[in-house]
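Take a look at the structure set out below.
Residue numbers (this note's numbering): 16 to 121.
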């Protein structure tokens with residue numbers, strides 16, 4: 016069942032695969048190294064964190080991990096407001112409109 020935390024849907028019950036801590040705001044700014052704080056740059060960083068962890072646990076390359084997430088599992092990376100990134104089914108990520116980590120960081 017989907018429920019809300021701080022007014023946003025919690026996707027934890029639909030989580031697929033590893034759950035990885037993502038940077039706090041100060042860590043994010045440091046890791047972006049002067050790049051603009053926008054959705055594209057944030058997602059590039061957080062998605063790479065998820066792909067690296069999936070590659071580690073699945074013993075594959077990060078390119079293969081990206082294929083596993085989107086094509087083989089039909090999942091979307093979800094940056095949760097709790098400060099973690101994990102995969103959820105695409106249908107759920109599209110169906111339950113939400114603001115997550117990216118919205119909070121911007």
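The beta carbon of each residue, even a glycine, is placed where N, CA and C say it ideally should be.
Beta-carbon proximity list for residue i, same chain, < 6 Å, skipping 5 on both sides
| i | result |
| --- | --- |
| residue 62 | 92 |
| residue 113 | 23 and 24 |
Contact set for residue i: own chain, Cβ-Cβ below 7 Å, skip 5 residues either direction
| i | result |
| --- | --- |
| residue 105 | 89, 90 and 91 |
| residue 55 | none |
| residue 107 | 26 and 29 |
| residue 72 | 33 |
| residue 40 | 120 |
Simplified DSSP state of residue i, which is helix, strand or coil
| i | result |
| --- | --- |
| residue 51 | coil |
| residue 33 | strand |
| residue 113 | coil |
| residue 17 | coil |
| residue 96 | coil |
| residue 38 | coil |
Given residue i as reference, the closest of the options once Cα atoms are compared
| i | options | result |
| --- | --- | --- |
| residue 116 | 24, 18 and 16 | 24 |
| residue 99 | 31, 18 and 16 | 31 |
| residue 65 | 50, 83 and 48 | 83 |
| residue 85 | 74, 103 and 19 | 103 |
Whole-number beta carbon distance between residue j and residue i, since they are thought to touch under 8 Å
| i | j | result |
| --- | --- | --- |
| residue 122 | residue 46 | The structure shown does not extend to residue 122, since the chain is modelled only from 16 to 121, so the question has no answer here. |
| residue 53 | residue 121 | 7 Å |
| residue 17 | residue 111 | 6 Å |
Own chain partners of residue i with C-beta closer than 8 Å, once the 5 adjacent residues on each side are dropped
| i | result |
| --- | --- |
| residue 70 | 76, 77, 79 and 80 |
| residue 35 | 64, 65, 68, 99, 100 and 101 |
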